[in-house]
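There are 2 protein chains.
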Amino acid sequence: MSHTMREVAKRAGVSPATVSRVLNKTSYISVETQRRVLEVVRQLKYFKNVHARRLATGRSDLFGLVISEIANPYFPEVIRGFQAAAWDRGFDVILCNTQYDQPRTKSILRKLIESDVRGVAVMTSSIDKPTVSELMDAGIGVVFCNVGPAGKLVSTISIDYQRGIEQAIEHIAGLGHRRAAVIAGPDDNHTAITIKDALVAGLKKRNLDPFPVINSNYHVDAGASAVRAMLSTNDKPTAIFCGSDLIALGAMSALEEAGARIPEDISVIGIDDISFAFLARPPLTTIRVPRERVGTTAFEALDRMLKLKRRKGADYYLETELVVRRSTSTAR
Amino acid sequence: MSHTMREVAKRAGVSPATVSRVLNKTSYISVETQRRVLEVVRQLKYFKNVHARRLATGRSDLFGLVISEIANPYFPEVIRGFQAAAWDRGFDVILCNTQYDQPRTKSILRKLIESDVRGVAVMTSSIDKPTVSELMDAGIGVVFCNVGPAGKLVSTISIDYQRGIEQAIEHIAGLGHRRAAVIAGPDDNHTAITIKDALVAGLKKRNLDPFPVINSNYHVDAGASAVRAMLSTNDKPTAIFCGSDLIALGAMSALEEAGARIPEDISVIGIDDISFAFLARPPLTTIRVPRERVGTTAFEALDRMLKLKRRKGADYYLETELVVRRSTSTAR
DNA sequence: GCGATGTGTGAAACCGGTTTCAGCCACTGT
DNA sequence: ACAGTGGCTGAAACCGGTTTCACACATCGC
Numbered sequence: 001m002s003h004t005m006r007e008v009a010k011r012a013g014v015s016p017a018t019v020s021r022v023l024n025k026t027s028y029i030s031v032e033t034q035r036r037v038l039e040v041v042r043q044l045k046y047f048k049n050v051h052a053r054r055l056a057t058g059r060s061d062l063f064g065l066v067i068s069e070i071a072n073p074y075f076p077e078v079i080r081g082f083q084a085a086a087w088d089r090g091f092d093v094i095l096c097n098t099q100y101d102q103p104r105t106k107s108i109l110r111k112l113i114e115s116d117v118r119g120v121a122v123m124t125s126s127i128d129k130p131t132v133s134e135l136m137d138a139g140i141g142v143v144f145c146n147v148g149p150a151g152k153l154v155s156t157i158s159i160d161y162q163r164g165i166e167q168a169i170e171h172i173a174g175l176g177h178r179r180a181a182v183i184a185g186p187d188d189n190h191t192a193i194t195i196k197d198a199l200v201a202g203l204k205k206r207n208l209d210p211f212p213v214i215n216s217n218y219h220v221d222a223g224a225s226a227v228r229a230m231l232s233t234n235d236k237p238t239a240i241f242c243g244s245d246l247i248a249l250g251a252m253s254a255l256e257e258a259g260a261r262i263p264e265d266i267s268v269i270g271i272d273d274i275s276f277a278f279l280a281r282p283p284l285t286t287i288r289v290p291r292e293r294v295g296t297t298a299f300e301a302l303d304r305m306l307k308l309k310r311r312k313g314a315d316y317y318l319e320t321e322l323v324v325r326r327s328t329s330t331a332r
Numbered sequence: 333m334s335h336t337m338r339e340v341a342k343r344a345g346v347s348p349a350t351v352s353r354v355l356n357k358t359s360y361i362s363v364e365t366q367r368r369v370l371e372v373v374r375q376l377k378y379f380k381n382v383h384a385r386r387l388a389t390g391r392s393d394l395f396g397l398v399i400s401e402i403a404n405p406y407f408p409e410v411i412r413g414f415q416a417a418a419w420d421r422g423f424d425v426i427l428c429n430t431q432y433d434q435p436r437t438k439s440i441l442r443k444l445i446e447s448d449v450r451g452v453a454v455m456t457s458s459i460d461k462p463t464v465s466e467l468m469d470a471g472i473g474v475v476f477c478n479v480g481p482a483g484k485l486v487s488t489i490s491i492d493y494q495r496g497i498e499q500a501i502e503h504i505a506g507l508g509h510r511r512a513a514v515i516a517g518p519d520d521n522h523t524a525i526t527i528k529d530a531l532v533a534g535l536k537k538r539n540l541d542p543f544p545v546i547n548s549n550y551h552v553d554a555g556a557s558a559v560r561a562m563l564s565t566n567d568k569p570t571a572i573f574c575g576s577d578l579i580a581l582g583a584m585s586a587l588e589e590a591g592a593r594i595p596e597d598i599s600v601i602g603i604d605d606i607s608f609a610f611l612a613r614p615p616l617t618t619i620r621v622p623r624e625r626v627g628t629t630a631f632e633a634l635d636r637m638l639k640l641k642r643r644k645g646a647d648y649y650l651e652t653e654l655v656v657r658r659s660t661s662t663a664r
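Residue numbers (the numbering used here), protein chains in the order written: chain A, 1 to 332; chain B, 333 to 664.
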C-alpha cells in the first residue's frame, strides 16, 4: 500500500536508521545523504506511519477530551481552546462525547486507555469518579472541569461564578428589582447547585427575595416550562436568573408567548454567554464564562501535571463577569 | 508502564498468542484457559495497546472528519451523525478543524495520512482539490460534502436546496410578496453560489423581483451590514432570503435596530435550520438541511466505497424542506 | 484400526518505525 | 606516525500486539 521506511532506505541507498535520522533531524547527517533521502521521500510521497512511531517510541502524543454532547453550545469554544493548545505543542486530541450514555462512556474510557493517551480532560459530570479512576490507574493524567472537588491526583478547573453573580445581582438591585426568580439547573449537577446556592445567598444578602426557586434541567424546553409554571401564579417576579443561557432562551420564548415583554415587564439574566446570547431578541444580559480559556487551561493543567514526576494535581480558578445587554432594565 | 500481553500470558501460564485469541475471540479456546486469562486481565487491569494492534494488523479503524470551525453552528449535528455512524461500526474518528488556515490545513492532511485513516470526509471548502488528492494518492477514501463536483474517485454528498427553495418561494409568493432581497454567502463558495442562483431563478420564475441581491460572508455581522446597506435606500423589499441562518439572525438584529418589525414590516427566511433558529425572536422560518443525515451519509459513503475494490465514488443527494415559523407573514 | 476432521495451543515471524551500539573515516594535536 | 576526537552511517534489537504454521490430542466414520 503506502511505502515503508525500508523502501525509502533502499532507493536512497542508505539504511532505515539513516532515513529515520533524516526525517527526525536527530544526529548528524551529511548534506548529500539528506538530499538523497528527502528526494526519495518526495518522489514516493512517503509518510511515516504514526502507529509504528508511537509503538517504537512508547510515547503517544495524544490527549483525550471528554464532553457530553457536541450540540451543546457550551462546548465548541472549550473544544477549540483545548485543541489549539494541544496542537501548538504538537499534540493531538481525541474528542469523545458521552451522549449521557453509560455503556458508551465505558467504551470511551476503554478506548482512551487503549490509545495510551497522556492525559484526559473531563468536562462533563455524566461520568462517575470510579470510572475515571481507571484512567489514573493506567497512569494517565486527569483534569476535571467544574465537576466539584476531586482527589489529590487530579487537577481541577473551577469556574468562579461568585464574582459574575455578585455583579449581576448588583445590576438587578440597582435597577430597582425587589424580587427575582431563579431557574436553576438539575439538582444532581454540582455546578447547578453551586450556582443556585450562590444566587439565593447573594439575593438574600442584598435583601432581594429569591422566589420562586425552580430546578430544571439544562434544556431549552425546561426553561420554557419553568416559566409557564411560574406565570400561572399571579404573584410574578420582575426578574429571572437562569442557570444557563439555554434555560434563559427557553424562558424568553415562553415569556413572549405569554405576552410578557422583555425587559419592560420582566428582566432575564443567563449564564455562559454562549455565542447566541447576543443574537437573542432582546440580546441577553448574561454572566460570561471564559470558555475558550477553560479549554486552554485544561490542557495546560495536564501538560504541567505530566511534567512533574510526582503526579499531584493543582487547582485552577477562572473568573466570570457580567455582560449587560438588553434583556434587563428597571423594574416595573 | 502499563502491562503487556506477554506479562498476562506468563501469569496465566499460556502463550501470548493464546491471550490474543482470548481477547479477540478468534479461534477455539477451552473454557478453562479463557477463564484463567480473563482473570489475569482483570487483576492486572490490562488493556491492549491500540497502536501495537494497528501496526500488527495493518488496519487502522480510523476515519477523518475535516471541518472549518467547530463554533460554526452548522457542524455539531454533522459531527454527531458522522461519529455515531462510525462508532456503531467500531470505528473512531479524528476531528480536524482547518480554522481557515492554510498551513494548518496542510498539517492536518499530513496527520491524517500518517495516522493511516481509512477514509476522510471533507466538509469545508477551505481546503483545495490538489491538497486533497494527496489523500487519494495515499489510498485513502474521500467524500466531499457540498463542495461541488469532484473527481471520479471521490464520493460526493450534495444537498439539494432546490426543493426547499421552491417551497420557500411558494410560501413567500403565497403571502403576497412581490419583491424579495437575497443576501447570499460569499462568492467564492460553491454552495453559496448554488443557493443564490436557485433563489434568483426561482423568484423570477414566480414573477417576483429578486432585488437587491447582495453577497456577504457567512458571519452574523455580515447579515447585519448587508441589511443596513439595504435599508439606506428608500425602496425596500418586503422579504429577505438569507443564505444561512446565521446571516438571517444578523439581518434580524439589524432590522430590529432600524425599527423594522418582523414579520409585519418584513419577512425573513434563513437556510440550515440550526438549533437556534427556533429560539430566535421571532422563531425563524428557514429551509432545513438534514445535518445529522449529512454526517451519517458521509460515513456510509466512505464505508461503502472502501468495501469496493475498485474505488469509484458515488453521489448522494439529500433533500431540504421549508420549516415555517413566525418570521414570515403577509406582505405589507 | 486407520485416515479424516475438529479442537486447542505454542513458537516464531511480522508490522514499520526508533534507538543503541559499534565502527569507519578524516582530521587534529603532539 | 599515532592516539584521540568528531562526523556520519549500518546492523540489529526492540516496541506490543497479530497471525501463520505446525503439532498434539480427541473423536468420528467406515
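The beta carbon of each residue, even a glycine, is placed where N, CA and C say it ideally should be.
Beta-carbon contacts of residue i that lie in its chain and below 6 Å, excluding the five residues immediately before and after
i                       : result
alanine 417 (chain B)   : Thr628 and Phe631
valine 40 (chain A)     : Val8, Arg11 and Ala12
alanine 586 (chain B)   : Ala556, Val559 and Arg560
tyrosine 46 (chain A)   : His3 and Val8
aspartate 209 (chain A) : Arg179
Beta-bridge pairing of residue i - partner residues as DSSP gives them
i                        : result
asparagine 547 (chain B) : B:Ala516
alanine 571 (chain B)    : B:Ala512 and B:Ser599
tyrosine 378 (chain B)   : Tyrosine 378 (chain B) pairs with nothing; no bridge assigned.
leucine 95 (chain A)     : A:Leu65
valine 475 (chain B)     : B:Ala453 and B:Ser487
tyrosine 649 (chain B)   : B:Ser490
proline 210 (chain A)    : A:Ala180
aspartate 272 (chain A)  : A:Arg288
Beta strand (DSSP E) segment containing residue i, residue limits
i                          : result
glutamate 653 (chain B)    : 653–655
alanine 533 (chain B)      : Segment 522–537 is the alpha helix (DSSP H) holding alanine 533 (chain B); no beta strand (DSSP E) there.
phenylalanine 82 (chain A) : Unbroken run through phenylalanine 82 (chain A) is the alpha helix (DSSP H), 75–88; no beta strand (DSSP E).
valine 66 (chain A)        : 62–67
glycine 451 (chain B)      : 451–454
isoleucine 619 (chain B)   : 617–620
Interface flag, residue i vs chain B, CB-CB below 8 Å
i                        : result
histidine 51 (chain A)   : yes
isoleucine 247 (chain A) : no
serine 333 (chain A)     : For chain A, the structure presents residues 1 to 332; residue 333 (chain A) sits outside this window and is missing.
isoleucine 271 (chain A) : no
alanine 71 (chain A)     : yes
glutamate 257 (chain A)  : no
Cβ shell of residue i (< 7 Å), same chain only, five flanking positions each side left out
i                       : result
tyrosine 317 (chain A)  : Ser158 and Asp160
serine 576 (chain B)    : Gly517, Tyr550, Gly602, Ile603 and Asp604
threonine 194 (chain A) : Tyr161
Limits of the unbroken alpha helix (DSSP H) element including residue i
i                        : result
serine 20 (chain A)      : 16–24
isoleucine 579 (chain B) : 577–589
lysine 639 (chain B)     : 623–639
isoleucine 108 (chain A) : 102–114
glycine 555 (chain B)    : 552–564
threonine 131 (chain A)  : 129–137
lysine 312 (chain A)     : It is not in any alpha helix (DSSP H) - lysine 312 (chain A) carries neither H nor E in the DSSP assignment.
alanine 344 (chain B)    : 337–344
Residue-level contact to chain A via CB, residue i, 8 Å cutoff
i                           : result
isoleucine 515 (chain B)    : no
glycine 471 (chain B)       : yes
serine 576 (chain B)        : no
proline 408 (chain B)       : yes
phenylalanine 423 (chain B) : no
serine 607 (chain B)        : yes
valine 552 (chain B)        : yes
Other residues of its chain near residue i: CB distance less than 8 Å, five sequence neighbours each side excluded
i                      : result
proline 615 (chain B)  : Ala609, Arg657, Arg658 and Ser659
valine 691 (chain B)   : Residue coverage of chain B in this structure runs from 333 to 664, which leaves residue 691 (chain B) outside it and unanswerable.
glutamine 99 (chain A) : Ser68 and Glu69
Residue i beta carbon near the ligand ZN (any heavy atom closer than 7 Å)
i                       : result
threonine 297 (chain A) : Of the ligands one can find in the structure shown there are none, so the ligand ZN has no counterpart to examine.
If contact is defined by three or more beta carbon pairs under 8 Å, each pair taking one atom from either stretch, is the region 226–234 of chain A in contact with the region 159–174 of chain A? With the cut-off at 8 Å, the region 159–174 of chain A and the region 226–234 of chain A do not touch.
Three Cβ pairs or more, each shorter than 8 Å: is that satisfied between the region 285–292 of chain A and the region 71–80 of chain A? Contact check between the region 285–292 of chain A and the region 71–80 of chain A: three or more CB pairs, one atom from each, fall below 8 Å, which counts as touching.
Count the C-beta pairs between the region 198–212 of chain A and the region 134–148 of chain A that are closer than 8 Å, then say yes if the count reaches three, no if not. With a cut-off of 8 Å, the region 134–148 of chain A and the region 198–212 of chain A do not count as touching, because too few Cβ pairs lie within range.
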